[in-house]
Amino acid sequence: MMTTDEQIQMLRDTAKALRCPPAAGHDAPAAPDRRAILNAILQQARTLAWAEAGSLYVLEKGQLRFLAAQNDRLPLADITRLLLDREMPASAESLAGFVASSGRIMKIDDTDALTENAPFRVNRDLDTDTGFRAKSILAIPLRCPDGQVVGVLELFNRLGPDGDAVPFPSSEDPGILSLASMAAVAVHNTLLQAQLKQAYVDTMLRLSVLVELKENETAEHLHQVSRTSVLLAQAMGLSDKDAQLLKRASPMHDVGKVAVPDTILRKPARLTPTEREVVEKHPLMGAEILGESAGNDVTAAARDIALSHHERWDGRGYPGRLKGEQIPLFGRIVGLADVLDALLSNRRYRRPFAPHVAAEAIRLERGKHFDPAVTDAFFRIADQVLATYEARAAEPSPVPAT
Numbered sequence: 245m246m247t248t249d250e251q252i253q254m255l256r257d258t259a260k261a262l263r264c265p266p267a268a269g270h271d272a273p274a275a276p277d278r279r280a281i282l283n284a285i286l287q288q289a290r291t292l293a294w295a296e297a298g299s300l301y302v303l304e305k306g307q308l309r310f311l312a313a314q315n316d317r318l319p320l321a322d323i324t325r326l327l328l329d330r331e332m333p334a335s336a337e338s339l340a341g342f343v344a345s346s347g348r349i350m351k352i353d354d355t356d357a358l359t360e361n362a363p364f365r366v367n368r369d370l371d372t373d374t375g376f377r378a379k380s381i382l383a384i385p386l387r388c389p390d391g392q393v394v395g396v397l398e399l400f401n402r403l404g405p406d407g408d409a410v411p412f413p414s415s416e417d418p419g420i421l422s423l424a425s426m427a428a429v430a431v432h433n434t435l436l437q438a439q440l441k442q443a444y445v446d447t448m449l450r451l452s453v454l455v456e457l458k459e460n461e462t463a464e465h466l467h468q469v470s471r472t473s474v475l476l477a478q479a480m481g482l483s484d485k486d487a488q489l490l491k492r493a494s495p496m497h498d499v500g501k502v503a504v505p506d507t508i509l510r511k512p513a514r515l516t517p518t519e520r521e522v523v524e525k526h527p528l529m530g531a532e533i534l535g536e537s538a539g540n541d542v543t544a545a546a547r548d549i550a551l552s553h554h555e556r557w558d559g560r561g562y563p564g565r566l567k568g569e570q571i572p573l574f575g576r577i578v579g580l581a582d583v584l585d586a587l588l589s590n591r592r593y594r595r596p597f598a599p600h601v602a603a604e605a606i607r608l609e610r611g612k613h614f615d616p617a618v619t620d621a622f623f624r625i626a627d628q629v630l631a632t633y634e635a636r637a638a639e640p641s642p643v644p645a646t
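Numbered per this note's numbering, the sequence shown finishes at 646, counting up by one with no gaps.
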């Protein structure tokens, strides 16, 4: 067993990792990897309680999601594959769900002795999936200082001297409760960061839509570029995660045009060289608006796209004269999708090109304007992409606002 001094030192070490000194209250953790912090907290809680296994969930929108899981009997790869990011409702259908919904600490000495009158159900599906048998359990809600429950800490099978599972001695162990409180801070700040990131992305998307409405009558360009970009990513074999990131980031490609005067954006004729110079600054403005975006994958990708989608494979693009694979892949993908949509859309100074003419224009720019790999991917899905434009062309034109 750990001495009191050892427990205190462990708590101090954990608090230091969280940048949350015990005497100073619950300051926001500054470490970028919350999962690593939560794994450290879970490990220390298990050490304090002599627990064979443990798990930690975050509560979001009525659903519990595994953020950390540890087990001395199971290989880490099996735990990751079976448990991490798995979800379950915060309800009496599971012990963790009951603890999350009720806010009560639950200590179970022997799961085999539970009766049908228990206010929750011990989910044996996980035992079946993992081959691990939970005998004794201590489940603690992760409660913020304001009382909000943001997750659950579960400890399984306190090990006795002979290595068998025995009951946990107390549901009010101060060391474990302190660790649970620290975990609540880490989870709460993770959720706040996620909300702030989403709010920022939403703001940038709204700004992008406003820019598009300045230049055109609808924001269909943003949606079409996003759809085509995702199809290109899939045709190139990118991961689902990358395809979804591209879907969310690509609509912000022209956000820098907010700095371009309306008289230029809405000019019903071709631009003069001077006006063209003004427009060609919009990638730099877009990158500046989106910022460095530390820790926000969506706006970081959007910044790369905004800055690079007008670069050309042959190095004759703008603003950086990047060439070939110097251009970020997302920028190369969105660059083709953007040009394709421009060819197939109405402009104030011309009618849209026929789909087969636009496709031929793309083909002729393979290895010049466009990455050959992106171009080849386009022609693998050209029928699917062009069909959306043909369907749009068949729709009646909207009546202009007066």
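Note that CB positions come from ideal geometry on N, CA and C, so glycine has one too.
{"Query": "In the DSSP assignment, find the unbroken beta strand (DSSP E) run with phenylalanine 623 in it and report its ends.", "Result": "Here phenylalanine 623 belongs to no beta strand (DSSP E); instead the alpha helix (DSSP H) covers 616-624."}
{"Query": "Is the region 521-529 in contact with the region 539-558, if contact means three or more CB pairs nearer than 8 Å?", "Result": "yes"}
{"Query": "How is aspartate 403 classed by DSSP in three states: helix, strand or coil?", "Result": "The sequence shown places leucine at residue 403, rather than the aspartate named in the question. It is a strand residue."}
{"Query": "May I ask you to report which of helix, strand or coil DSSP gives alanine 313?", "Result": "strand"}
{"Query": "Measuring alpha carbon to alpha carbon, tell me which of Gln287, Pro572, Ala602 ends up nearest leucine 399.", "Result": "Gln287"}
{"Query": "Identify, in the order they occur along the chain, each residue of the same chain with its Cβ nearer than 6 Å to the Cβ of asparagine 540, setting aside the five sequence neighbours on each side.", "Result": "Lys441"}
{"Query": "Leaving out five residues before and five after valine 393 in sequence, what residues of the same chain have Cβ atoms less than 7 Å from its Cβ?", "Result": "Leu303, Ala344, Gly347, Pro385, Leu386, Arg387"}
{"Query": "Three-state secondary structure (DSSP) at valine 629?", "Result": "helix"}
{"Query": "So, helix, strand or coil for valine 393, using DSSP?", "Result": "strand"}
{"Query": "Can you round the beta-carbon distance between leucine 327 and leucine 300 to whole angstroms, since I take them to be within the 8 Å contact cut?", "Result": "Leucine 327 to leucine 300, Cβ: 11 Å. No contact."}
{"Query": "From what residue to what residue does the alpha helix (DSSP H) around isoleucine 571 run?", "Result": "That residue, isoleucine 571, is in no alpha helix (DSSP H); it is neither H nor E in DSSP."}
{"Query": "Quick one: what's alanine 295 bridged to in DSSP?", "Result": "Arg402"}
{"Query": "Alanine 383 lies in the beta strand (DSSP E); which residues open and close that run?", "Result": "381-387"}
{"Query": "For the alpha helix (DSSP H) that lysine 491 lies in, which residues bound it at each end?", "Result": "484-493"}
{"Query": "Out of Gly500, Val502, Lys501, Leu475, point me to the one whose CA is closest to leucine 489's CA.", "Result": "Leu475"}
{"Query": "Inspect the CB distances between the region 620-638 and the region 589-608 and report whether three or more fall short of 8 Å.", "Result": "yes"}
{"Query": "Give every residue of the same chain whose Cβ lies closer than 7 Å to the Cβ of alanine 272, excluding the five residues on either side of it in the sequence, and list them in chain order.", "Result": "With a pLDDT of only 38 at alanine 272, under the threshold of 50, the placement of this residue in the model should not be trusted; the figure read from the coordinates follows. Closer than 7 Å at Cβ, skipping near neighbours: Asn433."}
{"Query": "According to DSSP, what are the bridge partners of glutamate 519?", "Result": "Glutamate 519 pairs with nothing; no bridge assigned."}
{"Query": "Take the Cβ of leucine 608 as the centre, count every other Cβ of all protein chains shown within 10 Å, and call the residue buried at 16 or more, exposed below.", "Result": "exposed"}
{"Query": "Assuming leucine 358 contacts glutamate 331 (C-beta within less than 8 Å), just tell me the rounded distance between them.", "Result": "Contact flag wrong, Cβ pair sits at about 24 Å."}
{"Query": "So is leucine 320 buried or exposed if we call it buried at 16+ other beta carbons inside 10 Å?", "Result": "exposed"}
{"Query": "Please report the straight-line C-alpha distance between arginine 591 and proline 517, rounded to a whole angstrom.", "Result": "19 Å"}
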